[in-house]
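Please read the structure below before turning to the comments.
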Amino acid sequence: MRLNKFIASCGICSRRKADDLIQLGKIKVNGVLINTPGVNIDEESDIVEYDGKKINLERIKIVYLFSKPYGVTSTNFDLHAEKTVSDYFDFCEYRLFPVGRLDKESTGLILMTNDGKLAQQLSHPSGEKYKTYLVLSKGILTHQEINLLRHGILLEEGLTIPAKIDKVKIEKGNTKFEISIREGKNRQIRRMLDKINHPVLELRRVAIGKLRDENLKDGEFRKLSLREINELLMEKKDESKRHSSMDYEENYKRK
Numbered sequence: 006m007r008l009n010k011f012i013a014s015c016g017i018c019s020r021r022k023a024d025d026l027i028q029l030g031k032i033k034v035n036g037v038l039i040n041t042p043g044v045n046i047d048e049e050s051d052i053v054e055y056d057g058k059k060i061n062l063e064r065i066k067i068v069y070l071f072s073k074p075y076g077v078t079s080t081n082f083d084l085h086a087e088k089t090v091s092d093y094f095d096f097c098e099y100r101l102f103p104v105g106r107l108d109k110e111s112t113g114l115i116l117m118t119n120d121g122k123l124a125q126q127l128s129h130p131s132g133e134k135y136k137t138y139l140v141l142s143k144g145i146l147t148h149q150e151i152n153l154l155r156h157g158i159l160l161e162e163g164l165t166i167p168a169k170i171d172k173v174k175i176e177k178g179n180t181k182f183e184i185s186i187r188e189g190k191n192r193q194i195r196r197m198l199d200k201i202n203h204p205v206l207e208l209r210r211v212a213i214g215k216l217r218d219e220n221l222k223d224g225e226f227r228k229l230s231l232r233e234i235n236e237l238l239m240e241k242k243d244e245s246k247r248h249s250s251m252d253y254e255e256n257y258k259r260k
């Protein structure tokens, strides 16, 4: 990464102003004074100082709520994908990555961030929160089949954690309903419905924890507020995590 871009990405100033800081002798890399704006650095290993104080990319943290369209891959590392979620954030100077996954054929909400600590807290099994999906499945589900989904379906890797089923209705001979699950097995909902012979026709994630946004259209995104970030963290049962959400306040105020 170019040094001026790194400085700007740390929230110190714009790239143009970063050039001025470099030429004024305000920037050191690995203890060496730099006065050439075009220098490239390794942001992972090089130590950059501004006025004698170390700066790093952790100073600016961003979380976007993104509504993933159909056919888009939710990874930054699929070389065979025609389009990935990261393609929608080419404008961003930060390296954003998705929190969790949402399969290519599914649509809906996914978080994009440059904050590894936050992503780890939100996706760790101990803090896994309910994600809610709107499902259209083939055929009419019986009460017995709905109860099977609620209590757990036996997949290859074991019994699924009980799910919440809500808003069940019949549409043109098929069943539409909301399902909320806390675990993230690969293509879990599709496999659960396949097991009871009601394959998924449409699958859309409509909520992450209590976070919803019905106004967000596919391909659109918005930044989460500090309040929304804290609410996501506070949904955990472990109250000892309370202080963790407060740690983000200063970082997100600098957006």
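Numbering (this note's numbering), first residue to last: 6 to 260.
Ideal Cβ positions, reconstructed from N, Cα and C, are used throughout, including at glycine.
- In the DSSP assignment, G121 falls within the unbroken alpha helix (DSSP H) covering 121-128.
- Here D120 is buried: its Cβ has 16 or more other Cβ atoms, across all protein chains shown, within 10 Å.
- Rounded to whole angstroms, the gap between the alpha carbons of L206 and K143 is 6 Å.
- The region 175-216 is shown to contain whole alpha helix (DSSP H) runs of 4 or more residues at 193-200, in chain order.
- With contacts defined by Cβ atoms closer than 8 Å, D199 and F182 do not form a contacting pair.
- Rounded to whole angstroms, M239 and I39 show a C-alpha spacing of 43 Å.
- L154 places its beta carbon less than 8 Å from that of I184.
- Pairing V90 with S79 gives a Cβ-Cβ distance under 8 Å.
- Between Y69 and the set K31, I158, T41, Y99, the nearest pair of CA atoms involves Y99.
- I52 carries a coil assignment under DSSP once its states are collapsed to helix, strand and coil.
- Looking from the CA of L127, the closest CA among H148, K177, L216 belongs to L216.
- The beta carbon of V44 lies closer than 6 Å to those of L8 in the same chain, with the five residues before and after it left out.
- For R210, the closest alpha carbon among the candidates I194, D51, N35, F96 is that of I194.
- In terms of Cβ geometry, F102 and T112 do not form a close pair [threshold 8 Å].
- Using a Cβ distance threshold of 8 Å, I52 and K58 do not count as a contacting pair.
- Annotated three-state conformation of D25 is helix, per DSSP.
- When DSSP states are grouped into helix, strand and coil, Y99 belongs to the coil group.
- Judged by DSSP in its simplified three-state form, I12 adopts helix.
- Distance between I186 and H156, taken at the CA atoms: about 11 Å.
- For R227, there is no enclosing alpha helix (DSSP H); the enclosing beta strand (DSSP E) has its first and last residue at 226-228.
- With contacts defined as CB atoms closer than 8 Å, V140 and L208 qualify as a contacting pair.
- Here I32 is bridged, per DSSP, to Y55.
- In the displayed model, I234 falls within a helix according to three-state DSSP.
- For I115, the enclosing beta strand (DSSP E) stretches over residues 112-118.
- By alpha-carbon distance to E233, the top candidate from E150, D47, E225, I213 is I213.
- By the Cβ neighbour-count rule, Y75 is exposed, with fewer than 16 other Cβ atoms within 10 Å of its own.
- The C-alpha of Q28 lies about 41 Å from the C-alpha of G224.
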